């Protein structure tokens, strides 16, 4: 701090700094954020929960509508694109959302992403061709990329830090219902009216989202530059060159996974070329990202911290177990137990309700206990055990066992669902939060995108191998082509038990892999930091971030002079916790 800053700081009366509101007590020049309460908070929470529900609903709502869509458009070869186009758009744009939220108004940036999501939904509903539907799905995915991370940032800006875990648990618990209910809602619309309403439903519900967010003032945690002042150097502020490298790397990887074993063989030149291209582009991006420093798309100083990268690993693998169960339990119910789409959704309720209850309950408890890893360790343990038990499912498995396994899974998922987010929030300064959350949510997209392909590879290979053994009299290709719901139409009563055995054993092998993924959830939880989040020490990361801000001759804040010694101590603690480069040295608003 220079002499002028020191003199100004000395002239100001010392005021206490609160970790619950990091901006509080920093002088009149930079007032602290005003948190929401009462009706305004309720309106905002309902709106963002509904938006995240719609976002996750769109990941699975198309699954039960696909048969009718392919009939209308004569597009059986495009089936894979209806799901993957949405994922491609989301995963490619996700890291950019952190930069956008960091530079521009949180509220209006989030509403812009939601508007793009709605435009994509309109295009899907109004599609006149398969290609138009695919483009609409990609646009909706691009819009969805900013919804979850933005919602978490809105919660962080709206309430003090001690209230965030419970509210984030509520957001995550209720929103995840969209993944499970998607096939049920899509099937109901397709059977009762038209598959187009699987997408049009986002419009009236979208109005309930946009209205409250537009009307309620949502405070930004950090000061943002004027939009017009950013535009001349927007390529620098958003790291657009890094994005131009990163997005193609992600798209090539996901395309290789989509094409492999479907349109092309895994050892084909097309698939190998995409993998090589993805790897080469990623290496170039990693070099650029490192060179860019704290202004990078995903700052190395943030993602190298143990708490951050283990939280991302934990979140990506936990979501991979959730999607594995969400996709393959319905296949078990529909193929082996002969239930329709609606009833298979009803049979998932023993997973859904415990997940919701424990997502909210663990969010409340973590603020009382103060330690995050115990919840994530407990979550990983239960998820591993539950998916291991799922691998024993057969045609004659009793209802009691199925329900018990699902309750165990729901408790495990709910206990750990928001813990990576809470750990991340308590490990970064306010201005680092958007980039950190973008990285965490990107891991949530990439984990399931990769593992769903691996699950399908295991299932397909196992089914092709077991059908000739269990039912020699049927054509394996014919059974697979008929699908999980219609193979009974082409299989004789004599061969049906063998086909059901092949199906159940193939699903069991998928759950072997899902259980292995759950073990990684368990192990990664130990690295998420045992710091007591109840301590009001000012936040090491926030204090570290204040030092470079003072050296840039900004108007000094009162608490900087009052807490010079504690801040130095906090910096040393941050160095121990995060290692070199653990603090944020860039300030986009400067």
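In UniProt numbering, the protein residues as written are 1 to 590.
Don't be surprised by glycine CBs; every beta carbon is placed ideally from N, CA and C.
This one's a predicted model, so the numbers in the text were calculated from it and none came from an experiment.
CB contact flag (residue i, residue j, <8 angstroms)
i	j	result
residue 43	residue 165	no
residue 242	residue 285	yes
residue 529	residue 423	yes
residue 438	residue 125	no
residue 94	residue 357	no
residue 96	residue 117	no
residue 526	residue 373	yes
residue 55	residue 144	yes
residue 250	residue 92	yes
residue 133	residue 200	no
residue 171	residue 49	yes
residue 522	residue 409	no
residue 239	residue 297	yes
residue 336	residue 504	yes
residue 61	residue 268	no
residue 209	residue 37	no
residue 218	residue 158	yes
residue 359	residue 173	yes
residue 480	residue 452	no
residue 140	residue 86	yes
Cβ neighbour criterion (16 or more within 10 Å) applied to residue i
i	result
residue 341	buried
residue 552	Confidence at residue 552 is low in this model, with a pLDDT of 33, below 50, so the placement of that residue should be treated as unreliable; the coordinate-derived value is given next. Residue 552 should be labelled exposed.
residue 597	With the chain running from 1 to 590 in the structure shown, residue 597 is simply not present.
residue 432	buried
residue 137	buried
residue 333	buried
residue 123	buried
residue 129	exposed
residue 276	exposed
residue 560	Low per-residue confidence applies at residue 560: pLDDT is 34, beneath 50, and the placement is therefore not dependable, though the value from the model is reported in the following sentence. Result: buried.
residue 394	exposed
residue 540	Residue placement at residue 540 cannot be trusted, given a pLDDT of 40 that sits under 50; the coordinates are not used to answer.
residue 115	exposed
residue 557	Legend: pLDDT at residue 557 = 32, less than 50; position of this residue unreliable, value from coordinates given subsequently. So residue 557 counts as buried.
Opening and closing residue of the alpha helix (DSSP H) in which residue i lies
i	result
residue 367	349-369
residue 72	66-73
residue 130	130-144
residue 292	269-292
residue 508	496-524
residue 455	433-470
residue 53	38-60
residue 158	147-158
residue 405	399-416
residue 181	177-192
residue 123	106-125
residue 202	202-215
residue 425	419-425
residue 383	373-390
residue 162	Where residue 162 is concerned, there is no enclosing alpha helix (DSSP H), given that its DSSP letter is neither H nor E.
residue 266	Residue 266 -> no alpha helix (DSSP H), and no H or E assigned at all.
residue 259	240-259
residue 316	306-331
residue 527	Taken as a continuous stretch (DSSP letters only), residue 527 belongs to no alpha helix (DSSP H), as it is neither H nor E.
residue 489	Looking at the DSSP string, residue 489 is not in any alpha helix (DSSP H), and its letter there is neither H nor E.
residue 345	341-346
residue 429	Counting along the chain, residue 429 falls outside any alpha helix (DSSP H), and DSSP gives it neither H nor E.
Assumed close pair residue i, residue j - CB separation to whole angstroms, cut-off 8 angstroms
i	j	result
residue 274	residue 88	13 angstroms between Cβ atoms; not a contact.
residue 59	residue 169	Rounded, the Cβ-Cβ distance is 20 angstroms, inconsistent with contact.
residue 426	residue 531	7 angstroms
residue 329	residue 416	With 8 angstroms as the limit, residue 329 and residue 416 do not qualify as a contact, their Cβ atoms being about 19 angstroms apart.
residue 482	residue 502	Incorrect: roughly 13 angstroms between the Cβ atoms, too far for contact.
residue 150	residue 101	6 angstroms
residue 294	residue 105	Incorrect: roughly 22 angstroms between the Cβ atoms, too far for contact.
residue 53	residue 175	5 angstroms
residue 436	residue 308	6 angstroms
Chain C contact for residue i (CB, 8 angstroms cutoff)
i	result
residue 356	Among the chains in the structure shown there is no chain C, since it carries only a single protein chain.
Assess contact between the region 376-386 and the region 401-410, defined as three or more Cβ pairs (one per stretch) separated by less than 8 angstroms. Is contact present? The region 376-386 vs the region 401-410: in contact.
Any contact between the region 57-75 and the region 173-193? By contact I mean 3 or more CB pairs, one from each, below 8 angstroms. Yes, the region 57-75 is in contact with the region 173-193.
Between the region 509-516 and the region 308-326, do at least 3 Cβ pairs fall closer than 8 angstroms? Yes: at least three Cβ pairs fall under 8 angstroms.
With contact counted as at least three CB pairs below 8 angstroms, one residue from each stretch, are the region 496-503 and the region 363-371 in contact? Flag = no, the region 496-503 and the region 363-371 do not touch.
Cβ contact (3+ pairs, closer than 8 angstroms) linking the region 337-356 and the region 138-157: Touching, no.
Given 8 angstroms as the limit, is there contact between the region 475-486 and the region 413-428, that is, 3 or more CB pairs closer than that? The region 475-486, when compared against the region 413-428, does not touch it at the 8 angstroms Cβ threshold.
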